[in-house]
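Here the structure is laid out as structure tokens; the discussion comes afterwards.
Numbering (UniProt numbering), first residue to last: 1 to 276.
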């Protein structure tokens, strides 16, 4: 419907699509995220020699801007655990498959040092499957939204990865292509949400002063979901008499949904903790 060539779409999902046969017939690329999914692909496309099949591994490490965006390591269900490589090879042999891609996305907003280390672990996985031509390292690179946050410098963090690819090619004779997933890195700071203070509430001296907006988790979900912080700027309306909102005052900013989690000023990385 969007006019995108299906062969340019790569699907990685927790559940096996009920219409997997139809999707593969359209040419969509499929990353098997479990042994069950790998078998499902084999049942449909036994003897496959195209570049449709990829295998997503959990490399044993994970890192994210918050605990909720960490999708690698022993606490994550995403991908096939790296120690199950023998089982993966057995299924590949059983169905006569030639996976073209290894995928090891570990989290959004990940620590660059961990991401670099995972690139080495991922190359070791690629080395064990001779048909692999592409390595997808995921991404979701950190974007600094608050003054205290630092954005990922791709030219810096990418250099060791480039060198690792070159060393791999020199040692194995295989030149792999690299795929990355920028996520919000391209657009995170490209716009602003303009909203209005609709009401002010207080819960007494021992409580909080609340600013109620006419927007919230329906427009920007990250604070409620991840405890992510976004800068908030108070702009005085030129045609209105100054109200009781004190610039620089301590307020908890909340949204318009009837949910206690509709919070725009959570404590860092803690969506259930009020902050000002």
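No residue lacks a Cβ here, since even glycine has one placed at the ideal position from N, Cα and C.
Exposure label - residue i; buried when at least 16 CB within 10 Å
i           : result
residue 155 : exposed
residue 232 : exposed
residue 138 : buried
residue 182 : exposed
residue 334 : The structure shown does not extend to residue 334, since the chain is modelled only from 1 to 276, so the question has no answer here.
residue 171 : exposed
residue 126 : buried
residue 189 : exposed
residue 213 : buried
residue 266 : buried
residue 77  : exposed
residue 245 : exposed
Proximity below 7 Å, CB of residue i to CB of residue j
i           : j           : result
residue 222 : residue 215 : no
residue 141 : residue 209 : no
residue 217 : residue 255 : yes
residue 134 : residue 100 : yes
residue 38  : residue 91  : yes
residue 199 : residue 224 : no
residue 193 : residue 220 : yes
residue 75  : residue 98  : no
residue 23  : residue 44  : no
residue 106 : residue 173 : no
For residue i, three-class secondary structure by DSSP
i           : result
residue 85  : helix
residue 212 : strand
residue 43  : helix
residue 259 : coil
residue 60  : coil
residue 231 : coil
residue 249 : coil
residue 188 : coil
residue 176 : coil
residue 54  : strand
residue 219 : coil
residue 202 : strand
residue 94  : helix
Residues of its chain near residue i, where Cβ-Cβ distance is below 7 Å and the 5 sequence neighbours each way are ignored
i           : result
residue 9   : 28, 29
residue 13  : 33
residue 169 : 175
residue 112 : 152, 157
Sequence-distant residues of the same chain with beta carbon closer than 6 Å to residue i, five excluded per side
i           : result
residue 56  : 12, 31, 33, 79, 103
residue 16  : 37, 40
residue 236 : none
Residues near residue i in its chain [Cβ-Cβ closer than 8 Å; skip 5 each side]
i          : result
residue 82 : 57, 58, 59, 60, 121, 125
residue 18 : none
For this session: Would you list, in sequence order, the uninterrupted beta strand (DSSP E) runs of no fewer than 3 residues that lie entirely inside the segment 1 to 28?
Result: Listed in chain order, they are 10 to 12.
Problem set entry | Runs of beta strand (DSSP E) wholly within the segment 102 to 169 (minimum 3 residues, chain order) | Counting only runs of 3+ residues, the beta strand (DSSP E) found wholly inside the segment 102 to 169 occupies 134 to 139, in chain order.
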